[in-house]
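This report concerns only the one structure given below.
Below, the structure written as structure tokens:
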């Protein structure tokens, strides 16, 4: 269930209505039928939030597509746990869309380019296990979650996401390498590559990164650039069984507080531990 402050819950058969003139959020139960969404947009709502309840079994538009030809005013679209297979075809006018959540849409196999959605900030494909290709992405994205997808690589446009703060590729079993430009993105704070068993090397990393998750990857060494990550707080290397040693510079990082090396059976030498480190496993 999705609840939003100042929202109205639309029950089946009640149609669409506003509680007060200033309200700009509407909840639409899927059982209220698709025409309710169109009416909401026509009435000037800026947010149309879809509530699916036990949505794993919801069949949207015959189970294949979700029509957006009347959704010009959408700023948030949450289709998590639905069985939608195709969101739209052709060019869409979604200039206000800022948040797109497709989490656990396990029937989703392809997704159209979102490179022209200039307001889009967050894009969540977490656990879309059949999604094989990441769409070309607008450069204003700050949060990109591809956890548990079947992608093999990231599009080149990802290397130009200058505002990207979080990149989550956890459990992307098929991805084997990263673009050199991605880890140099100046706004990146969190990089999660845990559970990517074919990742063998990490490119040089931006100086703003604070959280670096590399557990259960096949990396053999940490890039020397890690010594310049003055803001790095957490480094997770759990079960990196090919990793041999850590750079000596790691121990001198001022913000470094937590390092996890459990299961790193080949490490024979550990650098001097900084007094800042509070947790070492």
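In this note's numbering, the protein residues as written are 1 to 281. Note that the Cβ used here is the ideal one computed from N, Cα and C, for glycine as well. Note that the structure is predicted; figures quoted are calculated from it, not measured.
Delimiting residues of the beta strand (DSSP E) encompassing residue i
i, result
"residue 190", "190-192"
"residue 76", "76-78"
"residue 267", "That residue, residue 267, is in no beta strand (DSSP E); it is neither H nor E in DSSP."
"residue 258", "258-260"
"residue 234", "234-236"
Cβ distance (whole Å) where residue i is taken to contact residue j below 8 angstroms
i, j, result
"residue 147", "residue 179", "In fact, because the Cβ distance is near 18 angstroms, the residues do not count as touching under 8 angstroms."
"residue 260", "residue 237", "6 angstroms"
"residue 167", "residue 144", "6 angstroms"
"residue 120", "residue 140", "7 angstroms"
"residue 161", "residue 122", "Between residue 122 and residue 161 the Cβ distance is about 12 angstroms, and since that is not below 8 angstroms, they are no contact."
"residue 213", "residue 191", "7 angstroms"
"residue 344", "residue 130", "No answer is possible for residue 344: it lies beyond the span of the chain, which begins at 1 and ends at 281."
"residue 222", "residue 246", "6 angstroms"
"residue 94", "residue 79", "The Cβ separation is near 14 angstroms, so there is no contact."
CA nearest to the CA of residue i, picked from the options
i, options, result
"residue 158", "266, 194, 184, 130", "184"
"residue 239", "266, 254, 108, 141", "266"
"residue 207", "255, 169, 111", "255"
"residue 170", "217, 210, 134", "217"
"residue 105", "97, 114, 84, 115", "84"
"residue 128", "188, 257, 86, 231", "86"
"residue 262", "252, 246, 250, 241", "241"
"residue 186", "165, 199, 195, 245", "165"
"residue 283", "97, 172, 115, 134", "What is shown of the chain runs 1 to 281, which leaves residue 283 out entirely."
"residue 200", "250, 219, 97", "219"
"residue 205", "149, 174, 229", "229"
"residue 210", "195, 196, 258", "258"
"residue 76", "231, 111, 98, 163", "98"
"residue 172", "150, 189, 188", "150"
"residue 215", "224, 197, 226", "197"
Interface flag, residue i vs chain C, CB-CB below 7 angstroms
i, result
"residue 259", "This model lacks chain C altogether; it includes just one protein chain."
>> Report the start-end ranges of each beta strand (DSSP E) in the segment 90-127 that is 3 residues or longer and not cut off at the edges.
In response: 99-101, 122-124
> Enumerated in chain order, which unbroken segments of the beta strand (DSSP E) with a length of 3 residues or greater are wholly contained in the segment 128-156?
Replying inline: 143-145
> Taking the runs of the beta strand (DSSP E) that are 3 residues or longer, which of them lie wholly in the segment 149-230?
Replying inline: 166-168, 190-192, 211-213
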